[in-house]
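The next block holds one structure in the form of structure tokens; read it before the comments.
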Amino acid sequence: MTEPGLIESSPAGPDTLRLFFALWPDDATRAALNRAGKWLHQHWGGRRMRADTLHITLAFLGSTPAGQLDALAACADMVRTDAFELVLDQAGYWRHNRIGWLGVNQTPQHLELVGALNTALQGGGFAVDARPHVPHVTLLRNSAGGEALPCEPVHWPVRDFVLVVSRREADGMHYDVIRRWPLA
Ligand code: ATP
Ligand code: MG
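Everything in the sequence shown is counted per our numbering, starting at 300 for the first residue and increasing by one.
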């Protein structure tokens with residue numbers, strides 16, 4: 300049972316899902332991202348993310364009642380933006396959480412997608428994180444980081460976005476894609 304006042308911080312129960320919207324790579328892009336992770340790991344160390352976890356978060360919802368899935372999907376249905384290509388060529392490091400990542404230059408279509416999705420979610424009454432969005436693929440955890448490195452660009456053809464359930468297991472995080480929305 301959840302104590303009053305602790306609802307926000309309580310872990311997900313069986314009737315809530317930890318959800319986020321994301322860009323999910325096709326197989327070729329996933330392989331290229333995984334190679335980039337291997338390369339960055341050689342320089343910066345840490346723990347590599349499994350290939351099947353690689354993604355770019357578009358909007359993070361966190362613990363959400365399963366009963367709100369339809370309303371959530373209706374928000375995503377309203378997003379009408381074009382397919383585009385992302386080029387990831389910037390290796391970055393965040394000291395505060397020891398994450399090594401691969402980032403993108405500002406891509407107008409990507410910003411448009413993030414903006415449209417967040418606007419639709421807010422319109423549907425969903426609380427989304429309002430912090431500035433840094434599009435990135437987490438490649439390394441618990442990494443020491445290191446000198447700035449030029450990275451072989453990864454070209455990612457973005458044709459859709461997805462809704463993902465995040466689950467913590469003994470061997471790490473697992474992300475299950477539960478729905479997909481094509482871009483025009
Ligand atoms: P852990 O939290 O155990 O380290 P994780 O961060 O991989 O694992 P989640 O916390 O479920 O898993 O996050 C899923 C995705 O959403 C990740 O890409 C994460 O970076 C992103 N994310 C998590 N919290 C936020 C947030 N408050 N704002 C934006 N993105 C977030
Ligand atoms: Mg997290």
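All C-beta atoms, glycine included, are put in the ideal place defined by N, C-alpha and C.
Small disclaimer: the values here were computed from a predicted structure and weren't measured.
**Item:** Minimum length 3: unbroken beta strand (DSSP E) runs contained in the stretch 344-422
**Value:** Runs found: 355-364, 383-393 and 398-403.
**Request:** Work out the CA separation of Asp314 and Arg458 for me, nearest whole Å.
**Result:** Their backbone Cα atoms lie some 31 angstroms apart in a straight line.
**Assigned secondary structure, Gly424 (DSSP; H/G/I helix, E/B strand, else coil)** = Three-state result, Gly424: coil.
**Message:** I'd like to know if the stretch 384-394 and the stretch 418-432 are in contact, where contact means that at least 3 CB-CB pairs between them fall below 8 angstroms.
**Reply:** Because the criterion of three Cβ pairs below 8 angstroms is not met, the stretch 384-394 and the stretch 418-432 do not touch.
**Request:** With distances taken Cα to Cα, identify the nearest neighbour of Asn417 among Ala375, Leu385 and Gly361.
**Result:** Ranked by Cα distance from Asn417, the first of Ala375, Leu385 and Gly361 is Ala375.
**Item:** Helix, strand or coil at Arg466 [DSSP, three-state]
**Value:** For Arg466, the secondary structure class from DSSP, reduced to helix, strand or coil, is strand.
**Request:** Tell me whether the beta-carbon of Val464 lies closer than 8 angstroms to the beta-carbon of Leu353.
**Result:** Cβ atoms of Val464 and Leu353: not closer than 8 angstroms.
**Request:** Taking all protein chains shown into account, decide if His409 is buried (16 or more other Cβ within 10 angstroms of its Cβ) or exposed.
**Result:** Counting Cβ neighbours within 10 Å, His409 comes out buried, since at least 16 surround it.
**Prompt:** Which of the three DSSP states, helix, strand or coil, is assigned to Ala327?
**Reply:** DSSP, read as helix, strand or coil, puts Ala327 in helix.
**Asked** Can the beta-carbon of Val386 be found less than 8 angstroms from the beta-carbon of Pro452?
**Response** At the C-beta level, Val386 and Pro452 come within 8 angstroms of one another.
**Prompt:** If Arg349 sits next to Asn441, beta carbons under 8 angstroms apart, how far is it from one beta carbon to the other, in whole angstroms?
**Reply:** Taking 8 angstroms as the upper bound for CB-CB distance, Arg349 and Asn441 are not in contact here, some 14 angstroms apart.
**Request:** Can you tell me which of Leu401, Arg478 and Gly445 puts its alpha carbon nearest to the alpha carbon of Ala372?
**Result:** The candidate whose alpha carbon is nearest that of Ala372 is Arg478.
**Message:** Just to confirm my understanding: we take Phe517, look at its own chain, exclude 5 residues before and 5 after, and list those with CB closer than 8 angstroms. What are they?
**Reply:** Nothing about residue 517 can be reported from this structure: the residues present for the chain run from 300 to 483 only.
**Asked** What number of angstroms, rounded off, separates the C-alpha of Ala447 from the C-alpha of Leu401?
**Response** When rounded, the distance between both Cα atoms is 12 angstroms.
**Message:** Just to confirm my understanding: we take Glu468, look at its own chain, exclude 5 residues before and 5 after, and list those with CB closer than 8 angstroms. What are they?
**Reply:** For Glu468, where only same-chain residues beyond five positions count, there are no Cβ hits under 8 angstroms.
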